[in-house]
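Numbering (this note's numbering), first residue to last: 3 to 274.
The C-beta atom is built at its ideal place from N, Cα and C for all residues, glycine as well.
From a predicted model like this one, the values you see are computed outputs, not experimental measurements.
Step one of this worksheet: look at the structure below.
Written out as C-alpha cells, the structure reads:
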C-alpha cells in the first residue's frame, strides 16, 4: 500500500527590534538596518527540503514622528535676474500659515520679499515678486507646493499647477533586499514586504496588524540575515530620529510529512 503524505507547515515568529539590530546603515535614522539570523540559517539547511515558503509582516509598531517637510523635499532652487538662489526650509510639520511664513522668511534671508497666497477654492498657491523669476526643476519641494516641474513666472506671478500638500507621507513601505518575494510595485520596491498606513497623528504610536492575513511567497534558499528598509511615499528612507520600532514576521515553511515519519517529527518538535 502506497505511503500517504501530508503537507505540514512549520510556523516561526521572527521579532525584529531596531534597538537590537546588528548593523545600522543610516545611523540614528533607524530606517536601514540589518539583523543576523544564524538560527534561520540552520532551519533553511534542514535536509527535508521544503515545498515552498511564505513570509509576512503580522505586526509592527512605530512612533509617527515623521516630518512632512524633511531632507527629501525641503529645498527650492530659483533664479531672479539671472542669479541663482536656494531656499532650504526647516524640517518639521506645518500649518498653512506657518508654512507660508517659513517660506517668506527664507526668501527674505536671500533679500527677496515674495508674496505667497492660496486660492481658497482650489488650494493652489501663487508666488509674486517685483520682477520675473523661475523655480528650477531640480528643486525637491515642487511636489508639496503644487508644481509638476520647474516653471517661470508670467507678469511677475507664478501660479502652481495643483493644490499644495504639506500633510506628509500617508504610508510606510517595509522593504528587504534579502527577502525575495513576488510583490509588484510599479514605482519601485520589488522586494516590498508590506505597506503600513499612517493613520494616527504626529507623536502617536502606529500599531499595525495584518488582519487580512496577506502572505508573500518566499524564494530564498538561504537566510543568514534579514535587512529592513523603511520608506515614505516618495521612496525616501524615513528618519525615526533615534526612536526604535518593532516588526514581527511570520515565516511558514511547508513540507511533506510521510506517515511513517509523523511521530518522529512531532517528538522533535516537542523537544525544541
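Quiz prompt | Extent of the continuous beta strand (DSSP E) run through residue 103 | solution = No beta strand (DSSP E) holds residue 103; the alpha helix (DSSP H) holding it covers 98 to 111.
Quiz item: Taking buried to mean at least 16 other C-beta atoms within 10 Å of its own C-beta, is residue 278 buried or exposed?
Solution: Nothing can be reported for residue 278: it is not among the residues displayed for the chain, which extend from 3 to 274.
Quiz item: Any beta-carbon of chain C closer than 8 angstroms to the one on residue 222?
Solution: Protein chains in the displayed structure number just one, and chain C is not present.
Quiz item: So what does DSSP say about residue 22, is it helix, strand or coil?
Solution: Under the three-state reduction of DSSP, residue 22 is assigned to helix.
Quiz item: Out of curiosity, what's the CA-to-CA distance linking residue 116 and residue 236?
Solution: Across the structure, residue 116 and residue 236 are spaced so that their CA atoms are roughly 28 angstroms apart.
Exercise. Out of 198, 145, 58 and 79, point me to the one whose CA is closest to residue 127's CA.
Key: 145
Exercise. Please state whether DSSP places residue 40 in a helix, a strand or coil.
Key: helix
Quiz prompt | For residue 242, three-class secondary structure by DSSP | solution = coil
Quiz item: Roughly how many angstroms lie between the CA atoms of residue 91 and residue 30, to the nearest whole one?
Solution: 21 angstroms
Practice problem: Less than 8 angstroms between the CB atoms is what I'm expecting for residue 53 and residue 256, so what's the real figure, rounded? | Solution: 5 angstroms
Quiz prompt | Start-end ranges of the beta strand (DSSP E) lying completely within the stretch 217 to 241, minimum 3 residues | solution = 218 to 220 and 227 to 233
Quiz prompt | Classification of residue 231 by the beta-carbon crowding that lies within 10 angstroms, buried from 16 upward | solution = Buried, since its Cβ has 16 or more Cβ neighbours within 10 Å.
Self-check item: Own chain residues within Cβ distance below 7 angstroms of residue 3, not counting five before or after
Solution: Legend: pLDDT at residue 3 = 45, less than 50; position of this residue unreliable, value from coordinates given subsequently. Closer than 7 angstroms at Cβ, skipping near neighbours: no residue.
Quiz item: Would residue 58 pass as a contact of residue 252 if the rule is Cβ separation under 8 angstroms?
Solution: yes
Practice problem: Check the DSSP bridge columns for residue 207 and list the partner residues they point to. | Solution: 65
Quiz item: What residue range is occupied by the uninterrupted alpha helix (DSSP H) comprising residue 144?
Solution: 144 to 147
Practice problem: Give a yes or no on whether the C-beta atoms belonging to residue 223 and residue 171 are separated by under 8 angstroms. | Solution: no
Exercise. Leaving out five residues on either side along the sequence, give the residues of the same chain with a beta carbon under 7 angstroms from the beta carbon of residue 98.
Key: 120
Quiz item: So what does DSSP say about residue 116, is it helix, strand or coil?
Solution: coil
Quiz prompt | Residues of its chain near residue 67, where Cβ-Cβ distance is below 8 angstroms and the 5 sequence neighbours each way are ignored | solution = Answer for residue 67: 204, 205, 242, 243 and 245, listed in chain order.
Quiz prompt | Where residue 175 falls, given that 16 or more other Cβ within 10 Å makes a residue buried | solution = buried
Quiz item: Below 8 angstroms between beta carbons: does that hold for residue 142 and residue 75?
Solution: yes
Quiz item: Taking C-beta to C-beta, are residue 80 and residue 137 nearer than 8 angstroms?
Solution: yes
Exercise. To the nearest angstrom, report how far apart residue 103 and residue 196 are at their CA atoms.
Key: 37 angstroms
Quiz item: Identify the residues that DSSP records as bridge partners of residue 168: which are they?
Solution: None; residue 168 has no bridge partner.
Exercise. Measure the Cβ-Cβ separation of residue 247 and residue 20 and say whether it is below 8 angstroms.
Key: yes
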